[in-house]
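The block underneath contains the structure these notes are about, expressed in structure tokens.
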Amino acid sequence: MNLVKYFIVSIFYIIILCLIQISILNPSFIGCFSYIYILFILVYPYNGNNVLFLLLSFFIGYIIDNCLNTGGIHAFSTTLSAFLRRKLLQFFDGKSFIINRKDFSIDELPFIRKTFYIFSLILIHHFSLLILKIFKGTAFSIILLLRTIFDSIFTTILCIVYFFLKKKRNIEKIT
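Residue numbers (my numbering): 21 to 195.
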């Protein structure tokens, strides 16, 4: 039953994130380069089904690729980020026994470690995405690296705001 529940909730979440990405944060729409759909990779349960997680990560990238006509670069980048997520979390956790619990949440990490983890995952996603854009015809330059860093910082700020608001809402529910 958990697998079906994760699948249905994840599909709903993917649809919401894709709608936000395509209609509001599309780079050609407002000129910013934030890819908020990577939030799916950050909030998916850490001890959930890995095969389902990789398939759903590919699916969200595939939807974005089809809507933005980008030829598979988002699908590759999200799948790569999903694949490396657990290793990055183990690196930034420092204590591998914490993430092996069934009820682990990213909110349990200290703020600095959580920020570095989110930034690193987003940096990997954005760098692989922009490198694949280069292979489509543009030349490698320092502008690519600067764009990767600035886009990653902007997306990280959006994700941190999401987690801050989520934590604040959970605190309000308790009181």
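Think of the CB as a built atom: it goes at the ideal place given N, C-alpha and C, for glycine as much as any other residue. These numbers were taken from a predicted model, which means no experiment stands behind them.
*Nearest neighbour of D127, chosen from Y64, C87, I154 and S54 [CA to CA]*: Y64
_Reduced DSSP secondary structure (H/G/I, E/B, other) of F32_ = helix
*Going by other Cβ atoms of all chains shown within 10 Å of its Cβ, with 16 needed for buried, is K134 buried or exposed?*
buried
*asked:* Tell me the rounded alpha-carbon separation between K186 and L152.
replied: 33 Å
*Can you find at least 3 beta carbon pairs, one from the stretch 165-179 and one from the stretch 139-154, that sit closer than 8 Å?*
yes
*The alpha helix (DSSP H) with T135 in it runs from where to where?*
Boundaries of the alpha helix (DSSP H) harbouring T135: F131 to F155, taken from the DSSP string.
*Who are the near neighbours of L59 in its chain, counting only those whose CB is closer than 7 Å to its CB and skipping five residues on each side?*
L37, C179 and Y182
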